[in-house]
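Student: Dropping the structure in here first, questions after.
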Amino acid sequence: MSLPSKLGPLRLDRSRHAAPQVFEHLRALILSLELAPGTVLSRGELAEQFGLSQTPIRDALIRLGEEGLVDIFPQHATVVSRINVTAAQQAHFLRRSIELEVVRALAEKNDDRVVAELRALIERQEGAIRLQDYEGFIASDQAFHRHMYEAAGVPDLWDLVRRMSGHVDRLRRLHLPVAGKVEAVVRDHARILDAIAGGAPQAAQDALRQHLSGTLSQVEEIRSRFPDYVTG
Numbered sequence: 244m245s246l247p248s249k250l251g252p253l254r255l256d257r258s259r260h261a262a263p264q265v266f267e268h269l270r271a272l273i274l275s276l277e278l279a280p281g282t283v284l285s286r287g288e289l290a291e292q293f294g295l296s297q298t299p300i301r302d303a304l305i306r307l308g309e310e311g312l313v314d315i316f317p318q319h320a321t322v323v324s325r326i327n328v329t330a331a332q333q334a335h336f337l338r339r340s341i342e343l344e345v346v347r348a349l350a351e352k353n354d355d356r357v358v359a360e361l362r363a364l365i366e367r368q369e370g371a372i373r374l375q376d377y378e379g380f381i382a383s384d385q386a387f388h389r390h391m392y393e394a395a396g397v398p399d400l401w402d403l404v405r406r407m408s409g410h411v412d413r414l415r416r417l418h419l420p421v422a423g424k425v426e427a428v429v430r431d432h433a434r435i436l437d438a439i440a441g442g443a444p445q446a447a448q449d450a451l452r453q454h455l456s457g458t459l460s461q462v463e464e465i466r467s468r469f470p471d472y473v474t475g
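Counting with the working numbering, you get residues 244 to 475 for the letters of the sequence shown.
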């Protein structure tokens, strides 16, 4: 699969180095599946499209390789990796382990301000569903979880989870269009938040376990629909 002719504009912030911005741009395209598994990423073509030298492109591709989002074959090609189920399961294990403690801490703290902020993010998700805005829905979904980490005082752990989650995030992207999936996500968030607001740590953890189990429980169905995308 070749590189799309247009990857969309990359508006560089001249106060920042180019390589991290290229990395973030390409990472977002890979996670959204606009750059699908199997897509060949030509360093020269990317440099031309983004109006950059090949050095920041190379550095960005190396970082994507470190996250397992591309496979780099020296002197040959760089290819967007297939979704590795084993890597997705490990990322899920890490996230669940951390997030169970996050929701427990928030339920024990029971901060009305945090509850109101999380409630607003759920309402934003509901609005995105009404508009059929899947990108907005995903952004609000991520914001809900990120805000829980921040409220629990462990924002760096969210960054760790995000770096590890490229494979499971792409699985979720394939699962999201299934009928009723987005509504189920919002219901799960509401259950988690109700338990936090009620000062019920065990209920919050139970609701989180159910929430995070959804996509991986459907791996074989996703694999059957996208056999060229999923491996491991």
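Note that CB positions come from ideal geometry on N, CA and C, so glycine has one too.
These numbers were taken from a predicted model, which means no experiment stands behind them.
Please report the Cβ distance between arginine 295 and arginine 413, rounded to the nearest whole angstrom; I am assuming they are in contact, meaning their Cβ atoms lie under 8 Å.
Tutor: Rather than arginine, the amino acid found at residue 295 in this sequence is leucine. Not really, about 26 Å apart at Cβ, beyond 8 Å.
Student: Would you kindly check if the distance between the Cβ of valine 313 and the Cβ of leucine 289 is under 8 Å?
Tutor: no
Student: Can isoleucine 341 and leucine 436 be called in contact, C-beta distance under 8 Å?
Tutor: No; because the gap between Cβ atoms is not below 8 Å, this pair is not in contact.
Student: In whole angstroms, what separates the C-alpha of serine 456 from that of glutamate 426?
Tutor: 15 Å
Student: Grab me the residues of isoleucine 439's own chain with a C-beta within less than 6 Å of its C-beta, minus the 5 sequence neighbours each way, in chain order.
Tutor: Leu349, Ala350 and Ala447
Student: Within a Cβ cutoff of 8 Å, which residues of the same chain sit near glutamate 393, ignoring the five residues on either side of it in sequence?
Tutor: Taking C-beta separations shorter than 8 Å and ignoring five residues to either side along the sequence, the partners of glutamate 393 in its chain run Trp401, following chain order.
Student: Apply the 10 Å Cβ neighbour rule to alanine 359 and answer buried if 16 or more other Cβ atoms are within range, or exposed otherwise.
Tutor: exposed
Student: In the DSSP assignment, what are the bridge partners of lysine 316?
Tutor: It should be noted that the sequence gives phenylalanine, not lysine, for residue 316. Paired residues: Ala320.
Student: Taking the alpha helix (DSSP H) that glutamine 375 falls in, what are its first and last residues?
Tutor: Counting along the chain, glutamine 375 falls outside any alpha helix (DSSP H), and DSSP gives it neither H nor E.
Student: Just the Cα atoms here: how many angstroms apart are valine 486 and glutamate 310?
Tutor: There is simply no residue 486 to check, as the chain begins at 244 and stops at 475 in what is shown.
Student: Just checking my contact of glycine 475 with valine 328 at CB under 8 Å: how many whole Å lie between their CB atoms?
Tutor: 4 Å
Student: By a C-beta neighbour count over all protein chains shown, 10 Å radius and 16 as the cutoff for buried, is glutamine 368 buried or exposed?
Tutor: Label assigned to glutamine 368: buried.
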